[in-house]
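Undergrad: First the structure, which I've put down as structure tokens, then a few questions once you've had a look.
Numbering (our numbering), first residue to last: 15 to 201.
Here it is, written out as structure tokens:
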């Protein structure tokens, strides 16, 4: 064992299987509404452990076997649905839009070894956006991760939270982002 404990290493897996499928679709049920959805399934499996000088070790440096495990950070399922509605603003001088994206990712592990400390549980996120477009560019206001669902619990941003409660809320999961963006269309 190195003097600094177990250090990450890049290893080659000599034999494995990876297969999957991805489906995407976009529908326009009415002229001003676009709905896009997608789902991905990936199955991976290690069929043979690394050979010397590499060794199959878990994140704590213990010799183990990776045979039968899936690749790290490779969830079996990922899905998303996005919707955006456009509408005229100021007698058609501008185009307003409202949209949202819901994503889901199934659980996986961050490292080989299936250690509970490296388990990445499944989660779902909701992002929202609104904005205005013109022929020159567009302005977008967005709120990312407005809703987070994991472990059967749903967290929602409450705009009336105190600063301390809001900070504690943000620390409890993935970082929330509120912001705006401006883009100039070059032509």
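All residues carry an ideal CB built from backbone N, CA and C; glycine is no exception.
Tell me whether residue 102 sits in a helix, a strand or coil according to DSSP, three-state version.
TA: strand
Undergrad: I'd like to confirm the pairing. Which residues does DSSP put opposite residue 92 in its beta bridges?
TA: DSSP, once it has assigned bridges, lists 54 and 119 as partnering residue 92.
Undergrad: Check whether the stretch 29-48 touches the stretch 56-69, taking contact to mean three or more Cβ pairs, one atom from each stretch, closer than 8 angstroms.
TA: yes
Undergrad: Answer with buried or exposed for residue 111, where buried requires no fewer than 16 other C-beta atoms within 10 angstroms of its C-beta.
TA: So residue 111 ends up on the buried side.
Undergrad: Look up residue 108 in the DSSP assignment and say whether it is helix, strand or coil.
TA: Reduced to three states, the DSSP call for residue 108 is strand.
Undergrad: So, at 7 angstroms on beta carbons, what are the nonlocal neighbours of residue 179 in its own chain, with the 5 sequence-adjacent residues on each side left out?
TA: Because residue 179 carries a pLDDT of 45, less than 50, the predicted location of this residue cannot be relied on, and no value is offered for it.
Undergrad: With distances taken between CB atoms, is the gap from residue 76 to residue 62 smaller than 8 angstroms?
TA: No.
Undergrad: Candidates 42, 146 and 51: which alpha carbon is nearest residue 104's?
TA: Selected option, being the one with the closest Cα: 146.
Undergrad: Mind reading off the beta-carbon distance from residue 115 to residue 134? Whole number of angstroms is fine, and I expect it under 8 angstroms.
TA: Incorrect: roughly 20 angstroms between the Cβ atoms, too far for contact.
Undergrad: CA-CA distance, residue 91 and residue 45?
TA: 31 angstroms
Undergrad: Keeping to the same chain, check which residues put their C-beta closer than 6 angstroms to that of residue 37; ignore five residues upstream and five downstream.
TA: 53
Undergrad: Below 8 angstroms between beta carbons: does that hold for residue 126 and residue 83?
TA: By the CB criterion at 8 angstroms, residue 126 and residue 83 fall inside the cutoff.
Undergrad: Could you check if residue 139 is buried or exposed, using at least 16 other CB atoms within 10 Å of its CB as the buried criterion?
TA: buried
Undergrad: Return the residue from the list 22, 49, 163 and 73 that minimises the CA-CA distance to residue 130.
TA: 73
Undergrad: Contact defined as beta carbons within less than 8 angstroms: I believe residue 254 pairs with residue 97. What is the distance between those atoms, to the nearest angstrom?
TA: What the structure shows of the chain is the stretch from 15 to 201, and residue 254 is not part of that stretch, so it cannot be assessed.
Undergrad: Report all residues from its chain with a CB closer than 6 angstroms to the CB of residue 120; omit the five preceding and five following residues, and keep chain order.
TA: 89, 90, 91 and 136
Undergrad: With 16 as the cutoff for other CB atoms within 10 Å, does residue 39 come out buried or exposed?
TA: exposed
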